[in-house]
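Just below is one structure, and these are the notes that go with it.
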Amino acid sequence: MISVYFRGEHTLQLKALHNKTTLDCPIITLNVLPDPEKPVCLNVKYDKNASFPAGGTFPDFMVSVLSEDDNIIKNINPARISMKMWEAQSSGTRIPVTMFSCSKVKDDKEDGFFYFRDKVVPERVGTYSIQFTFAMDKTNMLSSDQIIVEVVPNDPVRLLPDSLPATPAVSNVRTLTSRTLVKDLYLHVMDEYNNHTGIDLVGRIIAKIKSPSEDDTEIPQFQGKVSTVEFPFDRGSAEIVSNLVLAENSPGRDSTEYILVFEPDLPALKKPLEPYCLSFMFYNDFKKQQQMATLTRERDQLSQSIGVYRNWFDTTNQLVTEIKCQVKEAETRETLLKNELRKHQIELPQTNTLQYVDSLIKQKMLDQERVMKQPRRTCTLPNYPKGNQDILGKIAHLAQIEDNEAAKVISWHLASDMDCVVTLTTEAARSIFDETQGRQQVLPLDSIYKKTLPDWNRPLPHLRNGKIFFRPIGNPVFARDLLTFPDNVEHCQTVFGMLLGDTIIIDNLDAANHYRKEVVKITHCPTLLTREGDRIRSNGKFGGLQNKAPPMDKLRGMVFGAPMPKIYSTFSGQIDLLQQYRAAVVKLDNVNKDLDLHLQSLNTPEMQKKKQELAEQEKSLKLIEQKLGMTPSDKVTESLLQPHHMLDMSDTPIPPKRMRRETVKKLYR
Numbered sequence: 001m002i003s004v005y006f007r008g009e010h011t012l013q014l015k016a017l018h019n020k021t022t023l024d025c026p027i028i029t030l031n032v033l034p035d036p037e038k039p040v041c042l043n044v045k046y047d048k049n050a051s052f053p054a055g056g057t058f059p060d061f062m063v064s065v066l067s068e069d070d071n072i073i074k075n076i077n078p079a080r081i082s083m084k085m086w087e088a089q090s091s092g093t094r095i096p097v098t099m100f101s102c103s104k105v106k107d108d109k110e111d112g113f114f115y116f117r118d119k120v121v122p123e124r125v126g127t128y129s130i131q132f133t134f135a136m137d138k139t140n141m142l143s144s145d146q147i148i149v150e151v152v153p154n155d156p157v158r159l160l161p162d163s164l165p166a167t168p169a170v171s172n173v174r175t176l177t178s179r180t181l182v183k184d185l186y187l188h189v190m191d192e193y194n195n196h197t198g199i200d201l202v203g204r205i206i207a208k209i210k211s212p213s214e215d216d217t218e219i220p221q222f223q224g225k226v227s228t229v230e231f232p233f234d235r236g237s238a239e240i241v242s243n244l245v246l247a248e249n250s251p252g253r254d255s256t257e258y259i260l261v262f263e264p265d266l267p268a269l270k271k272p273l274e275p276y277c278l279s280f281m282f283y284n285d286f287k288k289q290q291q292m293a294t295l296t297r298e299r300d301q302l303s304q305s306i307g308v309y310r311n312w313f314d315t316t317n318q319l320v321t322e323i324k325c326q327v328k329e330a331e332t333r334e335t336l337l338k339n340e341l342r343k344h345q346i347e348l349p350q351t352n353t354l355q356y357v358d359s360l361i362k363q364k365m366l367d368q369e370r371v372m373k374q375p376r377r378t379c380t381l382p383n384y385p386k387g388n389q390d391i392l393g394k395i396a397h398l399a400q401i402e403d404n405e406a407a408k409v410i411s412w413h414l415a416s417d418m419d420c421v422v423t424l425t426t427e428a429a430r431s432i433f434d435e436t437q438g439r440q441q442v443l444p445l446d447s448i449y450k451k452t453l454p455d456w457n458r459p460l461p462h463l464r465n466g467k468i469f470f471r472p473i474g475n476p477v478f479a480r481d482l483l484t485f486p487d488n489v490e491h492c493q494t495v496f497g498m499l500l501g502d503t504i505i506i507d508n509l510d511a512a513n514h515y516r517k518e519v520v521k522i523t524h525c526p527t528l529l530t531r532e533g534d535r536i537r538s539n540g541k542f543g544g545l546q547n548k549a550p551p552m553d554k555l556r557g558m559v560f561g562a563p564m565p566k567i568y569s570t571f572s573g574q575i576d577l578l579q580q581y582r583a584a585v586v587k588l589d590n591v592n593k594d595l596d597l598h599l600q601s602l603n604t605p606e607m608q609k610k611k612q613e614l615a616e617q618e619k620s621l622k623l624i625e626q627k628l629g630m631t632p633s634d635k636v637t638e639s640l641l642q643p644h645h646m647l648d649m650s651d652t653p654i655p656p657k658r659m660r661r662e663t664v665k666k667l668y669r
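Going by full-length UniProt numbering, 376 is the number at position 376 of the sequence shown; the sequence numbering is gapless.
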């Protein structure tokens, strides 16, 4: 057996060796047709000119699954399409991957298209890779090409230093070091996620000293008895190249807290930036200044330690809150699917649910397979090869009819057209005509005058303007309403609307004659076909062999096939619903376990010890600030019993939310 895996034309030549003589056979040309159901690639469309600012929103991604014949595969479960994103790193390191699920389809008419909307851009600047995947089965995944995006800084928001300087304690004595406020300070423009930005900004930084008290008129001055000092600002940064020093004998109240303010003056910015503020203590006595400097250092260390603790507690509680939200969402999803299963007459037990669902899925699949293997009417007329996407196929293969009697009489009625190949274009029809030397019937859809086609929603002739003109017998119905189209519904409606027109199917000849006699009193009567095989033409003629359908076996397989029984699609829907429910139960169990784990961690001895350490540090900080005469820090005004409140660390760059979550996850490990 010879297997061919690639579509397209292949040549096959066999050779035999007989008495050292090589015997050649004629070359055989094989044309491997594309499989319209086999997924081969993912097509991703998005705005390629879009920018990706940190913390913003990605443009909409529209994804479709293409088959071997380059057509879009429809009726795909959106849960099988996913989007993943990771930061580009060097090989050998573990790369964290962020997964996104598919949004709802934008429009029911856009079958086969899947949207990923409102996905959040990472908060950290860098190069990221995005890839979409389609789960073909439990083991095989089809992946799209990687999309490389550059996450750029967001809008400038604040001015921050490289690292937090210690709180200065200075005096107005002669010693230079005792009057130095800051040295080696580098200030940068940051966005709200603490990414460096504004590299195109040029301007200046103005340093000044303010008092927390509005009625304080004794404001310390810089060296040279000036109230402001300017520094150049270029490419998003400013370097305090010379130390900021107070003037000798500078004014100022003893043991008073002042604020050193760095205000950016950047003309190119429409919205002003937040200045950077640094509190410092001013003393008139050198010895006192030295003592207070020691206390100030202790205060800084305690503030930093408390900040770490409070951020840690805040992130821990935030993570628990988020997991509780996930539990609630999972419970809602599980309840919704359980109610859907009840609508399908599927009741689930309270215990051993997963085992029951697994056995039920297996049973439904066996039932579905049994239905699929049941014999049903098929069209044995060979279809025309669909090597060209403009070829729809032979008319006999474009439609299916469930009822046997209706299938027989409609197939016989269209017997002369069943072998005709339908194409989208005249060019494709002409190509088939040339290849078959004119022996093959062809029908190009671009040559049909569509204004004369029947309206598929038109009522039967005895129903006009919402009125019933007479009571028919024999269950009349338009023949076209008995057709189902597996593919290309719109094109098939055009074809069969032209071929069948308003042809009506009715039970028997007596019912047909009665119907025609009554219809012609009010309007034109179309062709009537009976389920017993008779035909009354639109001109009223009936009888004779030419108006009587032969038995089914005399049609030699030129009949419309039967669609898959409705129970098959019922089983498919139940299986899909059961699989969704199983996934929902597993997810609910996982998030509940995760929640229990994190709740238990809140009451461990280690956690209680951390809370005690925090309380002691807050108490120590309060005492130090009282000795310093400083305004009580907002960092410790919140009670330990309310760990969900954030610390107000105005002098400390707060790490982004996602970074805090990662920190807590590492601590739990």
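A virtual CB, placed ideally from N, CA and C, is assigned to each residue, including glycine.
(request) Check the DSSP bridge columns for P563 and list the partner residues they point to. (result) For the purposes of this step, residue 563 is taken as residue 563 along the sequence shown, with counting starting at 1. In DSSP, P563 forms no bridge with anything.
(request) Take every Cβ of the stretch 183 to 190, pair it with every Cβ of the stretch 157 to 167, and state whether three or more of those distances are shorter than 8 Å. (result) They touch, by the three-pair rule.
(request) Excluding the 5 residues preceding and the 5 following S237 in the sequence, name in chain order all residues of the same chain whose CB lies nearer than 6 Å to its CB. (result) On the sequence shown, position 237 is the one that residue 237 refers to. Once the five neighbours on either side are set aside, the close Cβ partners of S237 are H188.
(message) For E123, count the other beta carbons within 10 Å of its own beta carbon; 16 or more makes it buried, fewer makes it exposed. Which is it?
(response) Position 123 of the sequence shown, counted from the first residue, corresponds to residue 123. By the neighbour-count rule (16 or more Cβ atoms within 10 Å), E123 is buried.
(request) For Y581, count neighbouring Cβ atoms within 10 angstroms of its own Cβ and tell me buried if that reaches 16, exposed if not. (result) Along the sequence shown, read from residue 1 onward, the residue named residue 581 stands at position 581. Classification of Y581: buried, given that the 10 Å Cβ count is 16 or more.
(request) Answer with buried or exposed for H645, where buried requires no fewer than 16 other C-beta atoms within 10 angstroms of its C-beta. (result) Position 645 of the sequence shown, counting from 1, holds the residue named residue 645. With a pLDDT of only 32 at H645, under 50, the local geometry of the prediction cannot be trusted, and the value read off the model is given with reservation. Exposed, because fewer than 16 other Cβ atoms sit within 10 Å of the Cβ of H645.
(message) For E87 and V125, I'd like the C-alpha separation in whole angstroms.
(response) For the purposes of this step, residue 87 is taken as the residue at position 87 of the sequence shown. For the purposes of this step, residue 125 is taken as the residue at position 125 of the sequence shown. When only Cα atoms are considered, E87 and V125 end up about 10 Å apart.
(message) Quick check on the DSSP output: the beta strand (DSSP E) that includes residue 672 runs from which residue to which?
(response) Residue 672 is absent from the structure shown; the chain starts at 1 and stops at 669.
(message) I'd like to know whether the C-beta atoms of R501 and T380 end up nearer to each other than 8 Å.
(response) Taking the sequence shown and counting its residues from 1, the one referred to as residue 501 is at position 501. Taking the sequence shown and counting its residues from 1, the one referred to as residue 380 is at position 380. For the record, residue 501 in the displayed sequence is Gly; it is not Arg. No, the pair does not count as a contact, with Cβ atoms beyond the cut-off.
(request) Grab me the residues of T22's own chain with a C-beta within less than 7 Å of its C-beta, minus the 5 sequence neighbours each way, in chain order. (result) In the sequence shown, counting from the first residue as 1, residue 22 sits at position 22. Hits under 7 Å: K15.
(request) Within its chain, find whatever has a CB closer than 6 Å to the CB of R174; leave out the 5 residues flanking it on each side and keep chain order. (result) Position 174 of the sequence shown, counted from the start, is the residue given in the question as residue 174. E248, listed in sequence order.
(message) On the CB-based measure, 16 or more other CB atoms within 10 Å of its CB, does P153 come out buried or exposed?
(response) In the sequence shown, counting from the first residue as 1, residue 153 sits at position 153. Burial call: buried.
(request) Could you tell me the distance, in whole angstroms, from the CA atom of E369 to the CA atom of H514? (result) In the sequence shown, counting from the first residue as 1, residue 369 sits at position 369. In the sequence shown, counting from the first residue as 1, residue 514 sits at position 514. Roughly 45 Å separates the two Cα atoms.
(request) Mind checking who I205 pairs with in its DSSP beta bridge? (result) Numbered from its first residue, the sequence shown carries residue 205 at position 205. Paired residue(s): F231, P264.
(message) Going by DSSP in three states, P605 sits in which element: helix, strand or coil?
(response) For the purposes of this step, residue 605 is taken as residue 605 along the sequence shown, with counting starting at 1. Here P605 carries a helix assignment [DSSP, helix/strand/coil].
(request) Can you give me the Cβ contacts of L578 inside the same chain, cut-off strictly under 8 Å, excluding the 5 residues immediately before and after it? (result) Locating residue 578 in the sequence shown gives position 578, where the first residue counts as 1. Cβ neighbours of L578 beyond the five flanking positions: L341, I346, V357, L360, I361, K364.
(request) Check whether the Cβ atoms of P526 and I504 sit closer than 8 Å, and answer yes or no. (result) On the sequence shown, residue 526 is found 526 positions in, with the first residue counted as 1. On the sequence shown, residue 504 is found 504 positions in, with the first residue counted as 1. Result yes, Cβ atoms of P526 and I504 sit closer than 8 Å.
(message) Taking the beta carbon of D534 as the centre, do at least 16 other beta carbons fall within 10 Å, making it buried, or is it exposed?
(response) Walking along the sequence shown from the start, residue 534 turns up at place 534. Buried.
(request) Would you tell me roughly how many angstroms separate the C-alpha atoms of P34 and D403, rounded to the nearest one? (result) Counting from one through the sequence shown, the residue named residue 34 turns up at place 34. Counting from one through the sequence shown, the residue named residue 403 turns up at place 403. Roughly 32 Å separates the two Cα atoms.
(request) Just the C-alpha distance for T523 and P461, rounded to the nearest angstrom, thanks. (result) Residue 523 sits at position 523 when you count from the first residue of the sequence shown. Residue 461 sits at position 461 when you count from the first residue of the sequence shown. When rounded, the distance between both Cα atoms is 7 Å.
(message) I'd like to know whether the C-beta atoms of F470 and L483 end up nearer to each other than 8 Å.
(response) For the purposes of this step, residue 470 is taken as residue 470 along the sequence shown, with counting starting at 1. For the purposes of this step, residue 483 is taken as residue 483 along the sequence shown, with counting starting at 1. Contact: no.
(request) Note down the Cα distance separating P59 from P96, rounded to an integer number of angstroms. (result) In the sequence shown, the residue the question calls residue 59 occupies position 59. In the sequence shown, the residue the question calls residue 96 occupies position 96. Each residue's Cα considered, the two are about 22 Å apart.
(request) State the Cα-Cα distance for the pair K521 and A406, rounded to the nearest angstrom. (result) As a position in the sequence shown, residue 521 is number 521, starting the count at 1. As a position in the sequence shown, residue 406 is number 406, starting the count at 1. Cα-Cα distance, rounded: 27 Å.
(request) Check whether the Cβ atoms of L260 and F231 lie closer than 8 Å to each other. (result) Start at 1 with the first residue of the sequence shown, and residue 260 comes out as number 260. Start at 1 with the first residue of the sequence shown, and residue 231 comes out as number 231. For L260 and F231, no; Cβs fall outside 8 Å.
(message) Considering just the uninterrupted stretch of the beta strand (DSSP E) at I147, what are its terminal residues?
(response) In the sequence shown, counting from the first residue as 1, residue 147 sits at position 147. According to the DSSP assignment, I147 belongs to the beta strand (DSSP E) that extends over 147 to 152.
(request) Would you mind working out which of G203, T351, L181 sits nearest P272, comparing C-alpha positions? (result) Counted from its first residue, the sequence shown places residue 272 at position 272. Its Cα nearest to that of P272, the residue G203 stands out among G203, T351, L181.
(message) Distance check for W456 and Q546, CA to CA, integer angstroms please.
(response) Here residue 546 refers to the residue found at position 546 when the sequence shown is read from its first residue. Here residue 456 refers to the residue found at position 456 when the sequence shown is read from its first residue. Distance from the CA of Q546 to the CA of W456, rounded to the nearest whole angstrom, comes to 28 Å.
(message) I need the DSSP call for D24, collapsed to helix, strand or coil.
(response) Here residue 24 refers to the residue found at position 24 of the sequence shown. Reduced to three states, the DSSP call for D24 is strand.
(request) May I ask you to verify whether the stretch 196 to 214 touches the stretch 300 to 318, counting CB pairs closer than 8 Å and requiring at least 3? (result) At 8 Å Cβ cutoff, the stretches do not touch.
(request) Measure the beta-carbon distance from C41 to L66 and round it to whole angstroms, keeping in mind my assumption that it falls under 8 Å. (result) Translated into the one-based positions of the sequence shown, residue 41 becomes position 41. Translated into the one-based positions of the sequence shown, residue 66 becomes position 66. With 8 Å as the limit, C41 and L66 qualify as a contact, their Cβ atoms being about 5 Å apart.
(request) Could you check the C-alpha separation between D314 and Q612 for me, to the nearest Å? (result) The sequence position of residue 314 within the sequence shown is 314, counting from 1. The sequence position of residue 612 within the sequence shown is 612, counting from 1. C-alpha separation (whole angstroms): 16 Å.
(request) Alpha carbon to alpha carbon, how far is C102 from P78? Give it in angstroms, no decimals. (result) Taking the first residue of the sequence shown as position 1, residue 78 is located at position 78. Taking the first residue of the sequence shown as position 1, residue 102 is located at position 102. In a straight line, the C-alpha of P78 is about 6 Å away from that of C102.
(request) Flag this pair as yes or no: are the beta carbons of F542 and I410 separated by less than 8 Å? (result) Residue numbering aside, residue 542 sits at position 542 when the sequence shown is read from its first letter. Residue numbering aside, residue 410 sits at position 410 when the sequence shown is read from its first letter. Cβ atoms of F542 and I410: not closer than 8 Å.
(request) From the DSSP output, read off the bridge partner residues of S143. (result) As a working mapping, residue 143 is identified with position 143 in the sequence shown. When beta bridges are read from the DSSP output, S143 appears opposite T133.
(message) With a threshold of 7 Å on Cβ separation, who are the neighbours of P165 within its own chain once the five nearest residues in sequence on each side are excluded?
(response) Translated into the one-based positions of the sequence shown, residue 165 becomes position 165. V182, L185, L278, listed in sequence order.
(request) Using only alpha-carbon positions, find the residue among E214, P267, V591 that is nearest to F233. (result) Position 233 of the sequence shown, counted from the first residue, corresponds to residue 233. Nearest C-alpha to F233: P267.
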